[in-house]
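Residue numbers (my numbering): 7 to 376. Presented below is the structure to which this report refers.
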């Protein structure tokens, strides 16, 4: 019996995961794509429809016989909230079971290690959920933070961006009054991607600061001391520009979005508009940026030999510049003949918030499959 139950759970997990990444499908397509027998598909789908997790949402065009009913995940079945803490802002999103952002809000709130800061966050969250009209119907709040997180102790071990060490997150958890999950912001952005599609991949988070993460066999790899993926502090140019961490020549000093925005003096949108208008200074800065980014990408590809997802604020605008970036990457890498391993991120913005929220949606799906 346990073995039979395990096979059933595996089949159900495959069905739900497939449907989470395909908005519309059919029972016949599930059987074909997943290599499952039709009785197995029918049993699981009918049970999930009875639970309300799956809904029938139309019919396929007739091919001469009975029309097949199209089915999909009931996106409104449950929701989770994602929250990103930065040095000067809070970013909040509400995500449904279809991994869609239903509501988002960004507010200015300067970080402080004082208890009062947690109280202010709780107030902002309550206001956001009230505006979303879903104060009670969420699974939990995923919180993404720029720093090294000890999830067991619920502590920020170190954050250059927030300028704290051994900062306890327990009072914040108590103040929110919801189940809470804490994660590094770059790891959260990686979780926003489809880890079924990118089973082994690196995520480059090209935000105001440069973060990174990678997954192996569909799971985040954290390293022995939770520091895996700190690509921003690899030395790119020995003796080069000073990084905010205090070292010289870090990749962050050359590949973070702050390089293009004058350390936040202007917005990335303003810079990209200047670039499109042919501003010579912007063009020169962009050329240097792409060259340094290409060196970093080439080094990571040589070290890990896996897909590299370009995310963060800059990753969101790189789609139309992949050819010039790719040409530079190939000039530094004599082992790859193309750049098919370079991928654009799924969420141009709010990736970390979405990934943090997805934690609760993933866990809920697991419960449904057990």
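From the three backbone atoms N, C-alpha and C, an ideal C-beta is built for every residue, glycine too.
> Does DSSP classify residue 366 as helix, strand or coil?
Replying inline: helix
>> Please report the distance separating the alpha-carbon of residue 3 from that of residue 362.
In response: Nothing about residue 3 can be read from this structure; the chain reaches only from 7 to 376.
>> Please report the distance separating the alpha-carbon of residue 260 from that of residue 247.
In response: 8 Å
> Is it the case that the Cβ atoms of residue 21 and residue 61 are separated by a distance below 8 Å?
Replying inline: no
> Per DSSP, what kind of secondary structure is residue 344 in: helix, strand or coil?
Replying inline: coil
> Smallest Cα separation from residue 113: which of 95, 256, 155, 304?
Replying inline: 95
> Do you know offhand how far residue 90's Cα is from residue 151's?
Replying inline: 6 Å
> residue 144: which of 14, 271, 182, 192 sits nearest, CA to CA?
Replying inline: 182
> Helix, strand or coil for residue 196 per DSSP?
Replying inline: helix
> In chain order, what residues of the same chain have a beta carbon less than 6 Å from the beta carbon of residue 185, not counting five sequence neighbours either side?
Replying inline: 146
> In or out: residue 294 buried (at least 16 other Cβ within 10 Å) or exposed?
Replying inline: exposed
> residue 96 bridges to which residues according to DSSP?
Replying inline: 91, 113
> How about residue 177 and residue 124: do their beta carbons lie closer than 8 Å?
Replying inline: yes
> Which residues share a DSSP beta bridge with residue 85?
Replying inline: 102
> Hey, would you say residue 255 sits closer than 8 Å to residue 266, going by beta carbons?
Replying inline: no
> beta strand (DSSP E) containing residue 221: first to last residue?
Replying inline: 216-222
> DSSP on residue 284, reduced to helix/strand/coil?
Replying inline: coil
>> Here's a check: name, in chain order, each residue in its chain whose Cβ is nearer than 6 Å to the Cβ of residue 349, leaving out the five neighbours to either side.
In response: 313, 315
> When we look at the beta-carbon of residue 29 and count the other beta-carbons within 10 Å, is it buried (16 or more) or exposed?
Replying inline: exposed
> On the three-state DSSP scale, how would you describe residue 274?
Replying inline: helix
> By DSSP, does residue 147 sit in helix, in strand, or in coil?
Replying inline: strand
> Going straight from the alpha carbon of residue 25 to that of residue 12, what length do you get?
Replying inline: 20 Å
>> With H, G and I counted as helix, E and B as strand and the rest as coil, what does DSSP make of residue 248?
In response: strand
>> Less than 7 Å between C-beta atoms, sequence neighbours within five positions excluded: which residues of the same chain meet that for residue 54?
In response: 60
> Which of the three DSSP states, helix, strand or coil, is assigned to residue 76?
Replying inline: strand
> residue 118: which of 79, 258, 110, 167 sits nearest, CA to CA?
Replying inline: 167
> Got a sec? Which residues, its chain only, sit under 6 Å from residue 213 by beta carbon, not counting five neighbours each side?
Replying inline: 263, 318, 319
> When DSSP labels each residue in this structure, what does residue 319 get in the three-state scheme?
Replying inline: helix
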